[in-house]
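Engineer: Dumping the structure here so I can ask a few things about it.
Protein chains: 2
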Amino acid sequence: MGKKDASEPSVRDALRVRRGRTRSFALAPDDTPVGPGSKAKAAKNLDEVADELAGLQEALYAEGVTGGERRVLLVLQGMDTSGKGGTIRHVCGLVNPQGLSIASFKKPTVAERRHPFLWRIRRELPAAGQIGVFDRSHYEDVLVPRVENLVPEAIWRGRYDEINEFEAELTDAGTTIVKCFLHISKDEQAERIAARLNDPTKQWKHNPGDLNSRAKWDDYQAAYAEMLSKCSTRTAPWYVIPANRKWYRNWAVANLLLETLRDMKPQLPGPDYDVEEELARLQNGGSSGGKS
Amino acid sequence: MGKKDASEPSVRDALRVRRGRTRSFALAPDDTPVGPGSKAKAAKNLDEVADELAGLQEALYAEGVTGGERRVLLVLQGMDTSGKGGTIRHVCGLVNPQGLSIASFKKPTVAERRHPFLWRIRRELPAAGQIGVFDRSHYEDVLVPRVENLVPEAIWRGRYDEINEFEAELTDAGTTIVKCFLHISKDEQAERIAARLNDPTKQWKHNPGDLNSRAKWDDYQAAYAEMLSKCSTRTAPWYVIPANRKWYRNWAVANLLLETLRDMKPQLPGPDYDVEEELARLQNGGSSGGKS
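In structure tokens form, the structure reads like this:
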């Protein structure tokens, strides 16, 4: 698929997690298994694909407003500072904001905790024709409660199946799910947190809780690895995005989205009215039900 | 205010509707009462202000995630093809999509009609720190029901006060409201509808109902004019955007938003934690509650 040199693997093939195959990451945060080898080339690529991406998004949107059922859900997960916000700004900023539906999932509120964990997720699912973007997601519920011992193991472990069933339901109903784990190293996180702390224009982004999570780095990595392994399904695969380099991260997510949309082949819908008749009505002053 | 030459009026002053002053439009769809006189200059201006706009939006967003209450609500109204969608793509596309909350109000559903007309509007109000964008709005409820005779005059006429009170409530609670009427001429609409009908990639945007509304052009213009007059308040003014020229429309809305945000003077919040202590915790491996 795609238009590239056949010797270049697809981004999806290069970054996809094979279900159950391993509990550690197949890719390191600095890897560049596919794609441009430099920041300049990545920027050039994004410039080149921006129009195609925007065009595909417009066609998907057009399908949605004319009765189509298809939509995309882009899930972004990763440790603090891994670049979820930056990805949204740089990648999702390439398409018409009207076609985006962005939801951020913070620590559940008291009201949210009184519902099953998928309740608040369902409320934020993208409408037909939209590209939904989840900044964190239902996957938080197999990460935080596990590492922080908030619920018994049987509970969070049971959520892998619940999530797979939930996502199968979504894909059956027309949603193409693209799940990206933004993979940074512990050293890179230290640099990014220090950069936030040392820059008065970035200090607001720091949360002391981020350092508490960092202290449990290995536990979180284990939780992420098992999540990737257990929930990378054929219809809703996980992708590991090497994210130490921001330009590579943006390039990879943009091209995953591009390949996904190319495969969906959204089409600008034809008219569901008689064009000649409408042109005649327009000439006659737009009167109701006019004929030529 | 602003940074411009003092002899140049603010965009807000030039385009603002004075409440109750007139029932016809003070500006024509081709007017350019302020701002650049050419498409090229308008494009240059948008390039120049994009960074400032994005920076102000980031500061507003940062305020919102750190406890601030302020937010912006941009309301877009206008006849079919007046460019509400194009404005969102070109103007709102200048800022981080994560800080936008875009809602489109179509013909009310059966479920929505069982509630007061402001019910569905309240559900889509922007959260603190967001720039909310309404593609059509509660103002539809003093336009369509009036022209199409769907409810008694006393009902739609009573909505002017209801809307003014509703908007006063929003502004009291931290919302800065910017209401833009995208003003096109009947001839320009004919050209745009014909362009849609004659271009297979745009035919999906046409709705035969648009021609029914066009047949009642004068009635709709009267309804818009009275809406502008009755609901342009000191705290939530209406602006008439001459919109026959797309480049002028985009320039005007972008600069209204810019002036509004400049006046709000959103500030990147300082840290609500001890920076030195956090840096020490980071060096010590991020352990919980660590001190230097």
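Those protein sequences? They're chains U and P, same order as listed.
Position one of the first sequence corresponds to residue 1 (the UniProt record's numbering), numbered consecutively onward.
Position one of the second sequence corresponds to residue 1 (the UniProt record's numbering), numbered consecutively onward.
Heads up, the beta-carbon is just placed ideally off N, CA and C, and yes, glycines get one too.
Please read these numbers as outputs of a predicted model, since none were measured by experiment.
Residues of chain P with CB under 7 Å from C180 (chain U), in chain order?
Structural biologist: Translated into the one-based positions of the first sequence, residue 180 (chain U) becomes position 180. Under the 7 Å cutoff, chain P gives no residues; its nearest Cβ is about 16 Å from C180 (chain U).
Engineer: To which residues of the same chain is G85 (chain P) closer than 8 Å at the C-beta, ignoring the five residues directly before and after it?
Structural biologist: Reading the second sequence from its first residue, position 85 is the one you call residue 85 (chain P). Closer than 8 Å at Cβ, skipping near neighbours: D135.
Engineer: Do L228 (chain P) and F166 (chain P) have their C-beta atoms closer together than 9 Å?
Structural biologist: For the purposes of this step, residue 228 (chain P) is taken as the residue at position 228 of the second sequence. For the purposes of this step, residue 166 (chain P) is taken as the residue at position 166 of the second sequence. It is not a contact, given that the beta carbons lie outside the stated cut-off.
Engineer: Which residue marks the beginning of the alpha helix (DSSP H) containing W119 (chain U), and which one marks its end?
Structural biologist: Position 119 of the first sequence, counted from the first residue, corresponds to residue 119 (chain U). Per DSSP, W119 (chain U) belongs to the alpha helix (DSSP H) from W119 to R122.
Engineer: Is V91 (chain P) helix, strand or coil by DSSP?
Structural biologist: Against the second sequence, residue 91 (chain P) aligns to sequence position 91. Three-state DSSP puts V91 (chain P) in coil, outside helix and strand.
Engineer: Say whether chain P places a C-beta atom closer than 9 Å to the C-beta of K205 (chain U).
Structural biologist: If you number the first sequence from 1, residue 205 (chain U) lands on position 205. At least one chain P Cβ lies under 9 Å of K205 (chain U).
Engineer: Excluding five sequence neighbours on each side, which residues of the same chain lie with their C-beta closer than 6 Å to the C-beta of F117 (chain U)?
Structural biologist: On the first sequence, position 117 is the one that residue 117 (chain U) refers to. Contacts found: D141.
Engineer: Name the chain U residues whose beta carbon is nearer than 9 Å to that of E69 (chain P)?
Structural biologist: As a position in the second sequence, residue 69 (chain P) is number 69, starting the count at 1. Those within 9 Å of E69 (chain P) in chain U number zero; the least Cβ separation is about 16 Å.
Engineer: Any idea what DSSP makes of D135 (chain U), helix, strand or coil?
Structural biologist: Against the first sequence, residue 135 (chain U) aligns to sequence position 135. Strand at D135 (chain U).
Engineer: Select from the region 85 to 115 of chain U all residues with a C-beta closer than 8 Å to any C-beta belonging to chain P, and list them in chain order.
Structural biologist: Result list: G85, I88, R89, C92, G93, N96, P97, Q98, L100, I102 and S104.
Engineer: Does chain P have any CB closer than 9 Å to the CB of Y139 (chain U)?
Structural biologist: The residue labelled residue 139 (chain U) in the question sits at position 139 within the first sequence. So no, Y139 (chain U) is outside the interface.
Engineer: Give me, in chain order, the residues of the same chain whose beta-carbon lies closer than 6 Å to that of K4 (chain U); leave out the 5 immediate sequence neighbours on both sides.
Structural biologist: Here the question's residue 4 (chain U) lines up with position 4 in the first sequence. Note that K4 (chain U) scores 49 on pLDDT, short of 50, meaning its location in the model is unreliable; the coordinates nonetheless yield the value given after this. Excluding positions up to five away in sequence, the list is empty.
Engineer: So if I threshold CB-CB distances at 7 Å, which residues from the region 255 to 285 of chain P count as touching chain U?
Structural biologist: Against chain U - using a Cβ distance shorter than 7 Å - the residues of the region 255 to 285 of chain P are L268, P269, G270, P271, Y273, V275, E278, L279, R281, L282 and G285.
Engineer: Checking 9 Å against the spacing of the C-beta atoms, do N244 (chain U) and E188 (chain U) come in under that value?
Structural biologist: What you label residue 244 (chain U) is simply residue 244 of the first sequence in a count that begins at 1. What you label residue 188 (chain U) is simply residue 188 of the first sequence in a count that begins at 1. Yes; because the gap between Cβ atoms is below 9 Å, this pair is in contact.
Engineer: Using a C-beta to C-beta distance shorter than 7 Å, which residues of chain U count as neighbours of A190 (chain P)?
Structural biologist: Here the question's residue 190 (chain P) lines up with position 190 in the second sequence. In chain order: L282.
Engineer: For I193 (chain P), which residues in chain U fall below 7 Å Cβ to Cβ?
Structural biologist: On the second sequence, residue 193 (chain P) is found 193 positions in, with the first residue counted as 1. Neighbours of I193 (chain P) on chain U, chain order: L282.
Engineer: Beta strand (DSSP E) containing V240 (chain U): first to last residue?
Structural biologist: Mapped onto the first sequence, residue 240 (chain U) falls at position 240. Start and end: W238 to P242.
Engineer: Name the chain P residues that come within less than 7 Å of A208 (chain U), Cβ to Cβ?
Structural biologist: Looking up residue 208 (chain U) in the first sequence gives position 208. Looking at the sequence provided, one finds Pro at residue 208 (chain U) rather than Ala. Within 7 Å Cβ-Cβ: Y273 and E278.
Engineer: If the cut is a Cβ gap below 9 Å, which residues of chain P does A128 (chain U) touch?
Structural biologist: Taking the first sequence and counting its residues from 1, the one referred to as residue 128 (chain U) is at position 128. None at all; the shortest Cβ gap to chain P is about 13 Å.
Engineer: Would E259 (chain P) pass as a contact of V72 (chain P) if the rule is Cβ separation under 9 Å?
Structural biologist: For the purposes of this step, residue 259 (chain P) is identified with residue 259 of the second sequence, where counting begins at 1. For the purposes of this step, residue 72 (chain P) is identified with residue 72 of the second sequence, where counting begins at 1. Against a cut-off of 9 Å, the Cβ pair of V72 (chain P) and E259 (chain P) comes out as no contact.
Engineer: By alpha-carbon positions, which one of U:H90, U:V110, U:P266 and U:A225 ends up nearest to W247 (chain U)?
Structural biologist: Locating residue 247 (chain U) in the first sequence gives position 247, counting from the first residue. Checking every option, the nearest Cα to that of W247 (chain U) belongs to U:H90.
Engineer: Quick one: Cα of E162 (chain P) to Cα of V110 (chain P), how far?
Structural biologist: For the purposes of this step, residue 162 (chain P) is identified with residue 162 of the second sequence, where counting begins at 1. For the purposes of this step, residue 110 (chain P) is identified with residue 110 of the second sequence, where counting begins at 1. The straight-line gap from Cα to Cα measures roughly 22 Å.
Engineer: At a CB-CB cut-off below 9 Å, which residues of chain U make contact with L76 (chain P)?
Structural biologist: Residue 76 (chain P) sits at position 76 when you count from the first residue of the second sequence. The premise fails here: L76 (chain P) is roughly 11 Å from chain U at the closest Cβ pair, so nothing lies under 9 Å.
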